[in-house]
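One structure below.
Numbering (the numbering used here), first residue to last: 30 to 151.
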């Protein structure tokens, strides 16, 4: 609550109550933490999710993780300050590709799908 991850509870003091939404959001926060996402990233993602989306993500096998991140020209042949999209594969592994590059996105999605298959097979 103090970090903006949960909505405020109903009431105050001894009359404070929490809804199912609080419980589901806490479960999703834990799932995202287990995927090694930092709290700032979790906060950004959860801010736009409805209760139905939260529940759906809890029950899904994977966490689709596409966000735009500015990288300071870290990749060869890129301009400083270029914007990249990021796909979190899991266990702290991420794929980064330039925003707007359709071929790079398609390749990253294929790699993600393959990694997802490998993780399910164990």
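Quick reminder that beta carbons are idealized off the backbone N, C-alpha and C, glycines included.
Check: With DSSP run on the structure shown, which of helix, strand or coil describes residue 119?
Finding: If you number the chain shown from 1, residue 119 lands on position 90. The answer is strand: DSSP assigns residue 119 an E or B state.
Next item on the list: Please work out which residues of its chain come closer than 8 Å, Cβ to Cβ, to residue 56, disregarding the five sequence neighbours upstream and downstream, and give them in chain order.
Entry: As a first step, residue 56 must be located in the chain shown, where it is residue number 27. Excluding residues within five positions, the ones whose Cβ falls inside 8 Å are 87.
Checklist line | Contact under 8 Å by Cβ, residue 75 with residue 43 | finding: Taking the first residue of the chain shown as position 1, residue 75 is located at position 46. Taking the first residue of the chain shown as position 1, residue 43 is located at position 14. No; because the gap between Cβ atoms is not below 8 Å, this pair is not in contact.
Check: Which whole-angstrom value describes the C-beta separation of residue 134 and residue 143, a residue pair presumed to lie in contact below a C-beta threshold of 8 Å?
Finding: Numbered from its first residue, the chain shown carries residue 134 at position 105. Numbered from its first residue, the chain shown carries residue 143 at position 114. At roughly 15 Å, the Cβ-Cβ gap does not stay under 8 Å, so residue 134 and residue 143 are not in contact.
Margin query: With a threshold of 8 Å on Cβ separation, who are the neighbours of residue 83 within its own chain once the five nearest residues in sequence on each side are excluded?
Written below: The residue given as residue 83 occupies position 54 in the chain shown. Once the five neighbours on either side are set aside, the close Cβ partners of residue 83 are 50, 53, 54, 57 and 75.
Next item on the list: Mind reading off the beta-carbon distance from residue 116 to residue 85? Whole number of angstroms is fine, and I expect it under 8 Å.
Entry: The residue you call residue 116 lines up with position 87 of the chain shown. The residue you call residue 85 lines up with position 56 of the chain shown. Actually they are not in contact, since the Cβ atoms of residue 116 and residue 85 sit about 19 Å apart, beyond 8 Å.
Next item on the list: Would you give the residue range spanned by the alpha helix (DSSP H) that residue 130 belongs to?
Entry: Translated into the one-based positions of the chain shown, residue 130 becomes position 101. No alpha helix (DSSP H) contains residue 130, which DSSP labels as neither H nor E.
Check: Which two residues bound the contiguous alpha helix (DSSP H) that contains residue 77?
Finding: Here residue 77 is taken as the residue at index 48 of the chain shown, counted from 1. Per DSSP, residue 77 belongs to no alpha helix (DSSP H) and is neither H nor E.
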